[in-house]
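Asker:
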Amino acid sequence: LCSIFPTLILLMQMVPSLSLLYYYGLMNLDSNLTVKVTGHQWYWSYEFSDIPGLEFDSYMKSLDQLNVGEPRLLEVDNRCVVPCNTNIRFCITSADVIHSWALSTLSVKLDAMSGILSTLCYSFSMIGVFYGQCS
């Protein structure tokens, strides 16, 4: 009797967890756009693998480059623009040290480590500017 209740609790947690894992696995296979994100010591590199030749580096703007209303330490010189309501697969890695690619307003965070390719599928349901950071 003492082991039945913990077993039932674990089963109640297992069923939704397995269905979510299955769903996220299907999202990885069904992405419309793939963006490879590489963390460097002071900047991020973006490469759209579905669009040949589209790759760029994104550096944080210095204080003298900022326009009025742009947030300090968050604004960059080249923004990564992605379509809305499209399943996007982000493949995240690092070129040197451990980084953490984060979009805090969307509660998205993924660690970038050298030699390891971490993947995240996401679909932006809102139009806007979402500031990322290494957290």
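Going by full-length UniProt numbering, the sequence shown opens with residue 1, and the numbers climb by one from there.
Glycine residues also receive a C-beta, built at the ideal position from the N, C-alpha and C atoms.
Only a predicted model underlies this, so the values are computations on that prediction, with no experimental measurement involved.
On the DSSP bridge assignment, give the partners of L74 in chain order.
Answerer: Here residue 74 refers to the residue found at position 74 when the sequence shown is read from its first residue. Paired residues: none, contrary to the question.
Asker: Which residues in the same chain as C134 place their Cβ atom closer than 6 Å to its Cβ, once the five residues preceding and following it in sequence are excluded?
Answerer: Here residue 134 is taken as the residue at index 134 of the sequence shown, counted from 1. Here the set comprises H99 and S100.
Asker: What residue range is occupied by the uninterrupted beta strand (DSSP E) comprising L66?
Answerer: One-based indexing of the sequence shown puts residue 66 at position 66. First-last for L66: undefined, no H or E at that position.
Asker: Quick test of your reading: S31 and C121, contact by CB under 8 Å. State the CB separation rounded to the nearest angstrom.
Answerer: Walking along the sequence shown from the start, residue 31 turns up at place 31. Walking along the sequence shown from the start, residue 121 turns up at place 121. With a Cβ gap of about 6 Å, S31 and C121 count as contacting.
Asker: Output the boundary residues of the beta strand (DSSP E) element that contains residue 141.
Answerer: Any question about residue 141 goes unanswered here, given that the chain covers just 1 to 135.
Asker: For the stretch 2-9 against the stretch 57-67, are there 3 or more C-beta pairs whose distance is under 8 Å?
Answerer: No, they do not touch.
Asker: So the beta strand (DSSP E) T86 belongs to, where does it begin and stop?
Answerer: Residue mapping note: residue 86 aligns to position 86 of the sequence shown, counting from 1. Segment: none, T86 is in no beta strand (DSSP E) and carries neither H nor E.
Asker: Consult DSSP for V15 and reduce its assignment to one of helix, strand or coil.
Answerer: Within the sequence shown, numbered from 1, the residue matching residue 15 stands at position 15. If DSSP states are grouped into helix, strand and coil, V15 belongs with the helices.
Asker: If you run the structure through DSSP and keep just helix, strand and coil, what is L117?
Answerer: Here residue 117 refers to the residue found at position 117 of the sequence shown. Reduced to three states, the DSSP call for L117 is coil.
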